[in-house]
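Position one of the sequence shown corresponds to residue 30 (this note's numbering), numbered consecutively onward.
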Amino acid sequence: MSTVTMSASSDQDIHSRGRQRSHSYYCSEDSRDYGLQSQREETRPRSRSFYSYETSELFSSSDIGIVNRPSPLRQRASSLLFVVNKTNKQKEDCTAQSQHKKQRLKQSKAAKDSTTSMMTISEADNWKICCNSGMKYGQFVDWEKIDPEAAKKYQMIVQSDHQQLKALGRQGYWEMPHTLRAKSYYHIIHSINSSIKTVHPGRNVYYELTKKLFGEQKVSSHPAPEYMEDAEIPRYCLNKAGLNSVKKILICLGKYFPDMNYCPILPALVSLILHFSMDEAECFYSVARLICYTDPNKRYIDQTFLTYRASCMTFGDLANKCCRGIRKLIASSHQNLFEFYSDWIMWIFADLPFIYAIRVLDVYLLEGFKVLYRVALALLGLYKVSVSSRVADVEDFRTDMKRFVQNVARHCTPEDLLNKSFQIPMATRRELNLLFNANKDSLMQKGVSSHQKRQSVESVDFTNFSSSVVTGTEMQVVWAWIPERFALFSPIRLYSTTEHQRSLASFYSHVEGHEPAVLLIKTVDEEVFGAFLSTDVIERRKHENLTYFGTGECFVFTLRPSMERYQQALINIMTRLVLGQQNEPYPSGSALSISSSASTINGASLTCPVGTPQDPSFLTVPFTAQSTTSPSAKQPKRAKEQEASMFIAGNESQLVIGGDGGHALCVQQNLHEGYSECCETFKNRRSPVCTFILNVMGPETTSMLTKSVPGEVSDPIKTEVKSEDDDYELSGQYIASGQVNFMGFKADVIIWDYEQRNIYAQLSLHMAKVEALSFSPNNKYLVSLGGVDDGSIVVWDIETKQAICGSPASPHSAGPCLTVKYSNHNDHLFVSAGSGTLRVWELDIPNRKIRPLDCQMGKFKRIVKCIEITDDDRYVLCGTTSGDIMRVNMKSSFLSDCGPVKTKYSLGVTALSLLNSGHILVGSGSGTFTLCSSTNFKIVKRVELEKGVTSIALGGEGQQFFVGTDSAQIYRFSCENFKAELISTSHNSAVKDVAISSGSSELFATCSLEDIRLWHINRPKELLRITVPNMTCNSIDFMIDGHSIISAWNDGKIRVFAPASGTLMITIDNAHKLGVTAIAGTRDCRRIVSGGGEGQVRIWELLSSSHRMLGSMKEHKDTVTCIQIRSDDKECVSAGSDGACIIWDLERFVSLQTVIANTFFQAVSYHPEEYQILTSGTDRKITYWNVYDGSPIREMEGSHSGAINGVHITQDGKYFVTGGDEKLVKIWDYVKGIVTHTGKAHGGSITSVKVCNNSRILISTSADGAILCWKFPHVASA
């Protein structure tokens, strides 16, 4: 074990070195200032200064040593404290070496046999007494006469009561000079236990302990106190003597308080108080008074691992309410949330810089532990703002938070930190004490006792969690939301509609007696939401009428489509409130229809031991307040104390969560119906908490925007239907589509009624992906094939909308199944194929089974991508990834032949179709499309298309057919000439931007990977394609004269094209070094304003044959996402992902105004009158800003989930349109700020939206390559 040396010493040691020590006279009159009792005048050694005024020593190696060992709660670098100093050993004289030689040998031997941390107290030759500037030469001076202002302040401090001292401490009254703070601390600490009869050690106790422990030895080693473990000793402004004194005090405290087994803050607290103590004995005395303080409502120091852990859990509960975003962020990143919160008190007593720590100490000594909660929450709030813009770069949140606190001076001053701390709404001391005791009791239930040094309390592992309602990750987020004491225990399923009777009575019977519980609900549209019920629902039986009950820990939440939690402010945490109510009928509202096969309500018990209801007596304190408000009726807002009580109400017909102004959640008796409204109790202002959909698609949703009633939210399509495989009936009545969803989520099969233009049935069994679909020939059944993660095949009855039977699609020895096809004449026969598998299935309706017959391929090992069955159901044609076609006899299940033999199709056969003439249409992955003979597979006709063929569809009587390709293009062919006619095109990658020509209302342009395309608005036809290989166009704009298209590219170039021919007119090289991300042109058609990935905004002048840069402006810290220019060309506004929108002067090239928000701005738009701008971004908000002073005018919630990527205002300024990750196009009334129309058609995130000048057409683009033209509603129809 390595030991280190440190300067320290008694008076005898100093005199043995021959040094003179200064003396001062100690007078009994002076003792009054410090409250000391002295009986006689005596000489004493002048108080030692523990300060180091050498800046090089401030963070240099300290001569103090503790052998490090890993700590499960805190692993900290030892660069500040534990450094070996060998130079002092070399200066020991021979006598000293001989005296301690045997002792060092014993210590070395003991170190090899034990892992106990040791402290070495030693004296160095170069130690000398240092005094601060006010004491070094002034022992004969009456300092109160020199600084009378400090003396007056001290007299006021002595005469003030506790409340007055709190006010003075918060404002930093005794901040300067240093001696005033020292005397103030002495007065405050010595007044702490004045009203409580507590025995605490005096100064003489310290002298006795030091004499007993250290004696006259110059070097002595002692085991580190048990309560320290590996806690560091912050140096702050202490010199080496000061650090040595801290060690001695810590050892004496450990000796005097043997029951104190865990207290990591004590080293830092001793270090801080020593700065303001006359000597070591006074510091020991002061800290001991804090340790001995026994009032539970104003405690100072946790002395056991049990209380320390309970404090960490209490802070976690407070952070859960005050800093919600950071909690969800850490939980969703799969990092240990409690390990992060276990450092909370060390942020203050180890990581904060000295000037911040002593300001916290000013109020901590007066107000106790509650102040530490406030300061830590303020630090967490500041960190949340800091980390939100760099989450992807954070590998370890604990280390990052420590680094942030150490550099907190970059973000706020000490006074700002305290101001933010006291602005946080905080529960009362009584509430905090109740919560602390409840957390402590939960830890004791988990086996943690006050006599243990440490015990690891493992968090709940959701890796193997299984549920049909939520995933493990979602459940982990919910567990991060619930109070810390309940999150210690694993969930127990109490009730499920799939296992128990579907009724509210059955729900009550299974949930009663369990407290708390988590209610989880899933709708037919895969929306998942719920509530945390902190109180047993059996409470409803105690009252005749419908009565609210519960505590402030109740909350409601949504998990899909977005994760949000809604909870009241910190008014009552643990206090149980009951409001008497009169039972009145519920108002008519939008009803919720929940399918019995898709709606699930689960409750989770958090009891310990498992399955035993937890005694709620220690969790809450009953409190009754009478009221006559019905939870059924919407009422005006109430006082906060009344709002806090309206949590849970229930009777035999309904269960209500939340009240006042509406109900956050209401479930009806049959568990099929319910609704949700805005609720003042939980402040869920985004109405509603979760959208309940009766009809997903109305008759008008395919071609027009759906009208919304003002004040309500339109029903969005929540399921993301990506048609991996679509099929239609021969009669044309139904169309089936399959969904591609995220891992762990169910993928639906939707049957659409083509004539009615709505959903006929929504079938849910497959997971993640529906690979293929096929209707039976007589429209009775539908067969669906799941993806690789599902691997099942299911047959559905179309009439009953129920599954008949299912089976694994492939044998265990084969790979995944990739396609399925029904027989042409038999409703009970279909074929599936895939990697090494080809099966003919027979449907047995009476027994509800399907039986497979594996086809014999012999030596052929193929992966089948597509299949086609001959009209007589005799053969199956299989297209393979090897580029050949296999013909298999369906009756015998044997391979008949395979071809073509010599020339195979490059990149495999991807599509097959049979013509009435018997010929086969074949499409390949390379774009080859052929007509070949059905007998020998010989190619008759051949055409090369752009990119691979994805599908083939026959039209009419088979005289023409259509072919789709990977390039998002559709071709039409005629059987006579077999020539390709391009009839439809689109982008095959995300569309980045759209621009509408001002000179012509019939043209618009879009850009994406490698190309720019010019389109006709009224006819969906591509007019021009400009291709730049291997590059991505990020933004485009038309010059107002319509003679040029300006474009921004990721290679850092600006390219100007002629829209008539696509000719490249001008290229500006190296316009931005990190790519050009935004662009706009002035109305005089002579200048371009561009923004780049590095955050610069540049102005370019276009000359007849060249260009030049007029100015470059750099204030954005990150990518410029959007640029808009005023109509007079004198100003422009740029939006950036750094959370800033900047208005620039285009003539002087300086910024005029900057608006800042906690978001990544994605879009900005000038109002036509140009006195306001409109912004949107990742915070899902739409904000109106004043152009002249940069102040926000109005802020609205613009999206239920995801960022708003595009915003555009109509020319008359009456309406604006938005689109984003919600996949909805919304038209808003600019003045009223309400949604007038909603468009539902996009399958991917909307990237941009624009309205043409005459407000007739609205164009939206999305990340899946779609471009949609909408008929813009007239004012009369709005």
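Cβ atoms here follow ideal geometry from the backbone N, Cα and C, with glycine treated the same way.
To the nearest angstrom, how far is it from the Cα of residue i to the Cα of residue j?
i, j, result
"Ile788", "Ser766", "11 Å"
"Asp288", "Gln332", "8 Å"
"Ser1291", "Thr526", "38 Å"
"Tyr256", "Ala297", "13 Å"
"Phe1002", "Ile1065", "35 Å"
"Leu394", "Ile218", "7 Å"
"Asn97", "Asn466", "Below a pLDDT of 50, predicted positions are generally treated as unreliable, and Asn97, at 38, falls in that range; the measurement from the model is reported next regardless. Near 32 Å, if we compare the C-alpha coordinates of Asn466 and Asn97."
"Ser450", "Asn1282", "51 Å"
"Glu702", "Ile550", "12 Å"
"Gly908", "Leu950", "11 Å"
"Ser497", "Glu528", "12 Å"
"Glu1160", "Gly1227", "27 Å"
"Val1264", "Ser1119", "32 Å"
"Tyr329", "Arg1223", "45 Å"
Within 10 angstroms of its Cβ, does residue i collect 16 or more other Cβ (buried), or is it exposed?
i, result
"Asp1241", "exposed"
"Met915", "buried"
"Arg264", "buried"
"Asp777", "buried"
"Ile1108", "buried"
"Ala982", "exposed"
"His854", "exposed"
"Asp900", "exposed"
"His191", "exposed"
"Val507", "buried"
"Asp818", "exposed"
"Lys1050", "exposed"
"Pro325", "exposed"
"Met886", "buried"
Along the chain, where does the alpha helix (DSSP H) containing residue i start, and where does it finish?
i, result
"Tyr393", "Phe383 to Glu396"
"Asp1040", "Careful: Asp1040 lies outside any alpha helix (DSSP H), inside the beta strand (DSSP E) at Leu1038 to His1045."
"Phe367", "Leu366 to Tyr370"
"Val566", "Element bounds for Val566: n/a, residue is neither H nor E."
"Thr428", "Phe426 to Gln435"
"Asn273", "Lys269 to Tyr285"
Run through DSSP, which three-state label would residue i get?
i, result
"Pro881", "strand"
"Ser922", "coil"
"Leu1315", "Here the chain comprises residues numbered 30 to 1307, so residue 1315 is not present and cannot be evaluated."
"Asn1234", "strand"
"Trp510", "helix"
"Leu1297", "strand"
"Asn462", "helix"
"Leu335", "helix"
"Lys850", "strand"
"Tyr537", "helix"
Quick check on the DSSP output: the beta strand (DSSP E) that includes residue i runs from which residue to which?
i, result
"Glu1130", "Gln1125 to Leu1131"
"Arg1084", "Ile1083 to Phe1086"
"Met1142", "His1136 to Lys1143"
What residue from the options has the CA that sits closest to residue i's CA?
i, options, result
"Pro1088", "Arg1115, Asp1113 and Ile1055", "Ile1055"
"Ala546", "Thr1207, Arg570 and Ile521", "Ile521"
"Ser980", "Arg971, Ser963, Phe966 and Gly956", "Gly956"
"Leu358", "Thr502, Asp1070, Gly476 and Ser813", "Thr502"
"Ile1154", "Asp1293, Ser1013 and Glu1176", "Glu1176"
"Ile1025", "Val423, Ile1286 and Phe1178", "Ile1286"
Hey, does residue i have any beta-carbon neighbour from chain B nearer than 9 Å?
i, result
"Met430", "Although the question refers to chain B, the structure presented lacks it and comprises just one protein chain."
Using a threshold of 8 Å, is the CB atom of residue i nearer than that to any non-hydrogen atom of the ligand ATP?
i, result
"Gly1272", "By its list of ligands, the structure shown contains no ligand whatsoever, and the ligand ATP lies outside what it can speak to."
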